[in-house]
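Below is one structure, written out as structure tokens; the observations come after it.
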Amino acid sequence: MKLRTDLHIASATDKGVVRNFNEDSIAVNRELGLIVLADGMGGYKAGNVASNMATSLIVDELQSRLGHGSGRGSLLYAEPQKLVREALEKTNQLIFRTARTEEKYQGMGTTVVLMQFYDNRATIAHVGDSRLYRWRQGYFEILTRDHSLLQEQVALGMISFTDARYSHNRNLVTRALGTGAEVELEIREIDVQPGDLYLLCSDGLNDMVDDFNIELAMNELQGNLPLMARQLVLMANDNGGHDNVSVIVAQVPADSPPGSGLKNAFFNWLRRIRS
Amino acid sequence: MAKLVVSIENDVQGHYFLDKDKFVIGRNEDSDICLNDPDVSKLHAHIITIENDQILEDMFSNSGVRVNGAKVIRHILQNNDTIEIGRFQLKYINQRASSNMDFDKTMLLDVTPSLIAELAETIEPSASKPDKKISISRENKCNFPLGGVRGIKGEHSGQEILISRPLKTFGRAGQLAMISRRPMGYYVTHVEGKKSTRLNGRPIGSASLPLQENDVIEIANQKLVFFLQD
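So the protein sequences, as listed, match chains A and B. Numbering-wise (the working numbering), the first sequence opens with residue 1456 and increments by one. Numbering-wise (the working numbering), the second sequence opens with residue 9 and increments by one.
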């Protein structure tokens, strides 16, 4: 259980240059090793209601299931995906119900991407076009596949990878949380290694900043995660900031063997003076 | 609604609204746009509408299809594109396809096209790693002149380093400064290390400061002078 409490996490969210409201929401719960990002959609401010409901309900739900006490690990170890799946399904229903009962919220919904760390693994889940990227020992890749029309067109070879940038379908998602009684989730487990760096982001980032430059910021600014998060948002806004932009970065310390920080510091010092 | 204005050497022949999911262009009389020219194949090209996009495809024609002078097989139409088929020019007019802004707001597809449902079956189950990443950002060009630094002490001594990407770091692990390239100019920011990055001898703390020509940046054991290219 050491790892998740040792995570370094930073985040930033901004309404961008063009929009009046920020309909993205983010939540970080270090205690649970949980990071959640949602990009809402809907009428006047309803998108914000949906994304806010998503992040807070997911955190609440996992919090209540995992509890605060020492026994929190057992459930996670037994059925990590089930736990996250149930939390997302419940959240979906609550947003859907709200959208149906209040007229001003009709049709609202949200994307979501989350990571739940536990020991040397993590459960990752997403719905819609919010993304999760991983930087591992210099190797940068995307771990999610957008649930968007454009992604499906690209996957099918209807539109080439390079032509995709000229498409006007970039923001049509094929799945969302809260828009139906049922939701098709994408959930899986991944291993987590010391030194890993994860990035959750809304499409306001990857629509405005090339993967190539997202990677650059992740590669160069690892010594200052809050700066990395701010820089990513800044780059999106410098490129036009057409949409809300949100990021959460989480770094697994390079040195996280069990043992006290003091002991590690001592060995690091020893290593330094011997080299 | 999007439309095509058909002309021959600026002489307008007709207007056609793209009001069908599949719009056929060719010499056949039952084409949606019938172009009477021996250079036009019977079924020459078609335009498929998929939500906000209209995609032009050459249907294995003999003489080919050009858009804005370049030969294309498949092309996502943009406002004011000029399509050339045989001796005809077809101008694509679609205001909505010019202002990208309209499409930046995330929206759920109201009715998922049956096409996608069919296609979804052919796509691998989601548990596997995504096979393709789509990098589709539209970066603005920096109009500001290109700049860089000249090393006068330390690792880069005697070198000139141009900074053309949005950021570059200097120093060494644990003691780093960032120079960022923004639309309005270059900035220096301290990234990490107990000892602050210095600009013209002064510690910059956590601020991002704009750089002027000949500014001196100090980080770790390096001293760098900022310059702009003419």
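Glycine included, each C-beta is placed from N, C-alpha and C at the ideal position.
In the same chain as residue 1584(A), and ignoring 5 residues on each side of it, the C-beta atoms closer than 7 Å to its own belong to 1566, 1601, 1602, 1603, 1628, 1658, in chain order.
In this structure, the beta-carbon distance from residue 1478(A) to residue 1699(A) falls below 7 Å. Here residue 1556(A) is exposed: its Cβ has fewer than 16 other Cβ atoms, across all protein chains shown, within 10 Å. A residue is called buried once 16 or more other Cβ atoms fall within 10 Å of its Cβ, and residue 1646(A), having fewer, is exposed. In this model, residue 26(B) and residue 1631(A) are separated by some 30 Å (Cα to Cα). Segment contact: the region 1483 to 1503 of chain A against the region 1559 to 1574 of chain A, three or more CB-CB distances shorter than 8 Å; contact assigned. Burial check for residue 103(B): the Cβ neighbour count within 10 Å stays below 16, so the residue is exposed. Residue 225(B) counts as buried, since at least 16 other C-beta atoms from the protein chains shown sit within 10 angstroms of its C-beta. When the Cα atoms are used, residue 1538(A) and residue 1517(A) turn out to be separated by approximately 7 Å. Listed along chain A, the residues sitting closer than 9 Å to residue 173(B) by beta-carbon distance are 1667, 1668, 1671. Contact of residue 211(B) with chain A is not assigned, every C-beta pair being separated by 7 Å or more.
Around the CB of residue 1668(A), 16 or more other CB atoms lie within 10 Å, so the residue is classed as buried. Apart from the 5 residues on each side of it in sequence, residue 156(B) sits with its Cβ closer than 7 Å to the Cβ of 168, 169, 170, 171, 235 in its chain, given in chain order.
Taking a beta-carbon distance threshold of 7 Å, residue 1624(A) counts as an interface residue toward chain B.
Under the Cβ criterion (8 Å, minimum of three pairs), the region 1607 to 1621 of chain A does not count as touching the region 1546 to 1561 of chain A. Here residue 1505(A) is near residue 1497(A), since their CB atoms are less than 7 Å apart.
Note on geometry: alpha-carbon atoms of residue 71(B) and residue 220(B) lie some 56 Å from one another.
For residue 206(B), the three-state secondary structure derived from DSSP is strand. Within 10 angstroms of the beta-carbon of residue 95(B) lie fewer than 16 other beta-carbons, which makes it exposed. Restricting attention to 1568(A), 1508(A), 1494(A), the CA atom closest to the CA of residue 1653(A) is found in 1568(A).
The residue from 1621(A), 1704(A), 1587(A) with its alpha-carbon nearest to that of residue 1684(A) is 1704(A).
At least 7 Å separates the beta-carbon of residue 1578(A) from that of residue 1587(A).
Counting only unbroken stretches of 4 or more residues, the alpha helix (DSSP H) elements lying wholly within the region 1525 to 1579 of chain A are 1527 to 1533, 1535 to 1556, in sequence order. With contacts defined by Cβ atoms closer than 7 Å, residue 1687(A) and residue 1702(A) form a contacting pair. It is roughly 36 Å from the alpha-carbon of residue 60(B) to the alpha-carbon of residue 153(B). In the three-state scheme derived from DSSP, where H, G and I count as helix and E and B as strand, residue 1685(A) is classed as helix. Using beta-carbon distances, residue 153(B) does not count as an interface residue toward chain A, since no partner is under 7 Å. Within the same chain, and ignoring the five residues on either side of residue 1708(A) in sequence, the residues whose Cβ sits closer than 6 Å to its Cβ are 1461. The beta-carbon distance between residue 1595(A) and residue 1673(A), rounded to whole angstroms, is 7 Å. This is short enough to meet the 8 Å contact definition.
The C-alpha of residue 1696(A) is placed about 28 Å away from the C-alpha of residue 100(B). With respect to chain A, the C-beta atom of residue 26(B) has no partner C-beta closer than 7 Å. Of all residues in the region 51 to 78 of chain B, the ones placed with a Cβ closer than 8 Å to any Cβ belonging to chain A are 58, 59, 60, 61, 63, in chain order.
The criterion of a C-beta distance shorter than 7 Å is satisfied by residue 1618(A) and residue 84(B).
Contacts between residue 1675(A) and chain B, judged by CB atoms closer than 9 Å, involve 175, 176, 177, 184, 186, 199 in chain order. Distance check between residue 1679(A) and each of 182(B), 230(B), 223(B) places 182(B) closest, using alpha-carbon atoms only.
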